[in-house]
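Quick notes on the structure that follows.
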Amino acid sequence: KTSYDADQPQFVIDVPVGTAIIPLALKGVMETEAGTLTEMIFSVSQTLCGVGSSTPVTPVNARVQASGTGPTSVCSVYSLYTGNCTAPSGGYEFARFSSPFVLSDGDPLNDVRMQWKADDEGWSPLIEGGGSLVVHIDGTTTAPTGYFTAVWWEFEVN
Numbered sequence: 000k001t002s003y004d005a006d007q008p009q010f011v012i013d014v015p016v017g018t019a020i021i022p023l024a025l026k027g028v029m030e031t032e033a034g035t036l037t038e039m040i041f042s043v044s045q046t047l048c049g050v051g052s053s054t055p056v057t058p059v060n061a062r063v064q065a066s067g068t069g070p071t072s073v074c075s076v077y078s079l080y081t082g083n084c085t086a087p088s089g090g091y092e093f094a095r096f097s098s099p100f101v102l103s104d105g106d107p108l109n110d111v112r113m114q115w116k117a118d119d120e121g122w123s124p125l126i127e128g129g130g131s132l133v134v135h136i137d138g139t140t141t142a143p144t145g146y147f148t149a150v151w152w153e154f155e156v157n
């Protein structure tokens, strides 16, 4: 995106009722960028954002065991919104990163990583069922491209 658009995030984890997640690490790596500034915002919402017009993402569990017997996520994960979802509400922003675009010797800054780790911060939000983890990425003039990874702890709640 070339500007912040609350109802078109780049990544969402919708947490269903009966489940909670604790984000452990979130990382975005910009592969191309232009304009003057690239920004990444991590936030939580007290409401589900929903699918909107997006691409579903299948989470991969870090627990390795016999094929077909491993646990799967009950969360819904979406990326690359091109149409509106339900705008996040009632939550808060817990991290924001920005990177000025610098064109020196013909190349922008290399290896631009925007990352948040619970270990480094000493805390993490607890997102219970009916809420979402939301990531917005935008750049002025030209939308940045790259990839995003999220690691979270997921568990049942009563």
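The sequence shown maps to residues 0 to 157 in the working numbering. Using N, Cα and C, we set each Cβ at its ideal position, and we do this for glycine too. Since the structure is predicted, the reported quantities are computational estimates derived from the model, not experimental observations.
Residue environment, residue i, which counts as buried when at least 16 other CB atoms sit within 10 Å
i    : result
Y77  : buried
L132 : buried
P99  : exposed
P55  : exposed
V43  : buried
Y91  : exposed
D119 : exposed
Q9   : buried
P70  : exposed
S123 : buried
Q64  : exposed
G89  : exposed
Euclidean distance between Cα positions of residue i and residue j
i    : j    : result
G105 : T31  : Because the pLDDT at G105 is just 48, under 50, the model does not fix this residue reliably, and the point stays unresolved.
E38  : R62  : 32 Å
T57  : A149 : 12 Å
P28  : E155 : Inspection of the sequence shows that residue 28 is occupied by Val rather than by Pro. C-alpha separation (whole angstroms): 31 Å.
V59  : H135 : 22 Å
G130 : I21  : 12 Å
G82  : D137 : 16 Å
Residue from the options whose Cα sits closest to the Cα of residue i
i    : options              : result
A162 : T140, I12, Q114, L36 : No answer is possible for residue 162: the residues shown for the chain start at 0 and end at 157.
W151 : T144, L125, N157     : L125
P87  : G121, I40, V73       : I40
Closer than 7 Å: residue i CB and nearest the ligand GTP heavy atom
i   : result
A19 : The model on display carries no ligand, and the ligand GTP is accordingly not part of it.
Which of helix, strand or coil DSSP assigns to residue i
i    : result
A5   : coil
A61  : coil
A117 : helix
A142 : coil
S98  : strand
For the structure I just gave you, are there three or more beta carbon pairs, one from the segment 44-59 and one from the segment 16-29, closer than 8 Å? Contact fails: fewer than three Cβ-Cβ distances are below 8 Å.
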